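**Q** One structure is given below, represented as C-alpha cells, and several questions about it will come after.
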Amino acid sequence: MKPINRTFTAFALATALGLGGGLAAAPAQAGGSLSVELNPRNADEERAMRIGLGIYALVQGANQRANVEQRGNGNAAAIGQRGHGNYGAVHQEGDGHDASLRQSGNNNAYGIFQFGEGASGHATQRGNGGTGMLIQYGWK
Numbered sequence: 333m334k335p336i337n338r339t340f341t342a343f344a345l346a347t348a349l350g351l352g353g354g355l356a357a358a359p360a361q362a363g364g365s366l367s368v369e370l371n372p373r374n375a376d377e378e379r380a381m382r383i384g385l386g387i388y389a390l391v392q393g394a395n396q397r398a399n400v401e402q403r404g405n406g407n408a409a410a411i412g413q414r415g416h417g418n419y420g421a422v423h424q425e426g427d428g429h430d431a432s433l434r435q436s437g438n439n440n441a442y443g444i445f446q447f448g449e450g451a452s453g454h455a456t457q458r459g460n461g462g463t464g465m466l467i468q469y470g471w472k
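Per this note's numbering, the very first residue in the sequence shown carries number 333; after that it's consecutive.
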C-alpha cells in the first residue's frame, strides 16, 4: 500500500470512528421538522403564487390584509405589517406551532403553513412586490 493511500485510509477510519463515537454518545432526538420555502423565479410563478394566496384568503373568508387560522392547542402566531397592499397569512394545524411574519414595504404577499406538531417558522419581507410561502411539518 502506498503511503498516501495508507494516510487516507487512517484518516477515513479515524473520522468514521470519531463520528460514530459521537453519534453513539448523543441522546436520541424524537422530534424534528421539515420546511420548504417557495419563492417565485419569474413573473408567471409570482402571479400563480399570489393567485393561490388570494384563493386561500377567499376560502378562509379573510377580507383583511392579515389572516391567522389556528386549529389545535398551544399555537402562537404574529403578523406585523408596515406599508400598503401587503397580505400575510399564517395557517396552523396541530399543536405547539410558532410562527411570525414581518412585512415592510408595499404589495408583498406571504403565507406560512404549519402542520403536525412543534414547527417553528419566521419570515421577513422588505421592499416592494415580494411573494413567498413557507410550508412546514413538525413532529415530536
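Note that the Cβ used here is the ideal one computed from N, Cα and C, for glycine as well.
Only a predicted model underlies this, so the values are computations on that prediction, with no experimental measurement involved.
1) Just reading off the alpha helix (DSSP H) that Q297 is part of, what are its end residues?
2) Give a yes or no on whether 8 Å exceeds the smallest Cβ distance from I467 to chain B.
3) For G470, is the beta carbon positioned less than 7 Å from some heavy atom of the ligand HEM?
4) How many Å lie between N405 and D430 at the Cα?
5) Taking E401 and Q392 to be in contact with their CB atoms under 8 Å, please state how far apart those CB atoms are, rounded to whole angstroms.
6) Let me confirm a value: G448 is counted as buried when at least 16 other C-beta atoms fall within 10 Å, else exposed. Which label applies?
7) Put G384 into one of helix, strand or coil per three-state DSSP.
8) Could you give the distance in angstroms between the alpha-carbon of A455 and the alpha-carbon of S432?
9) From W471 to N438, what distance separates their C-alpha atoms?
10) Nearest by alpha-carbon distance to A421: which of G415, T463, D427 is it?
11) In chain order, what residues of the same chain lie with their CB nearer than 6 Å to the CB of N407, ignoring the 5 residues before and after it?
12) Using only the alpha-carbon positions, how far apart do L355 and Q435 sit?
**A** With the structure as the only source:
1) Here the chain comprises residues numbered 333 to 472, so residue 297 is not present and cannot be evaluated.
2) Among the protein chains of the structure shown there is no chain B, as only one such chain exists.
3) Absence of the ligand HEM is noted for the structure shown, with no ligands found whatsoever.
4) Locating residue 405 in the sequence shown gives position 73, where the first residue counts as 1. Locating residue 430 in the sequence shown gives position 98, where the first residue counts as 1. Going by the C-alpha atoms only, they are around 11 Å apart.
5) Here residue 401 refers to the residue found at position 69 of the sequence shown. Here residue 392 refers to the residue found at position 60 of the sequence shown. Yes, E401 and Q392 are in contact; Cβ-Cβ is about 6 Å, under 8 Å.
6) Within the sequence shown, residue 448 is the residue found at index 116, counting from 1. Per the 10 Å Cβ criterion, buried.
7) Within the sequence shown, numbered from 1, the residue matching residue 384 stands at position 52. Note: G384 maps to helix in three-state DSSP.
8) Along the sequence shown, one-based indexing puts residue 455 at 123. Along the sequence shown, one-based indexing puts residue 432 at 100. Their Cα atoms are separated by approximately 6 Å.
9) The residue given as residue 471 occupies position 139 in the sequence shown. The residue given as residue 438 occupies position 106 in the sequence shown. If you take the alpha carbons of W471 and N438, they lie about 35 Å apart.
10) The residue given as residue 421 occupies position 89 in the sequence shown. Of G415, T463, D427, the residue nearest in Cα terms is T463.
11) Here the question's residue 407 lines up with position 75 in the sequence shown. Cβ neighbours of N407 beyond the five flanking positions: Q424, H429.
12) Start at 1 with the first residue of the sequence shown, and residue 355 comes out as number 23. Start at 1 with the first residue of the sequence shown, and residue 435 comes out as number 103. With a pLDDT of only 42 at L355, under the threshold of 50, the placement of this residue in the model should not be trusted; the figure read from the coordinates follows. Answer to the nearest angstrom: the Cα atoms are 40 Å apart.
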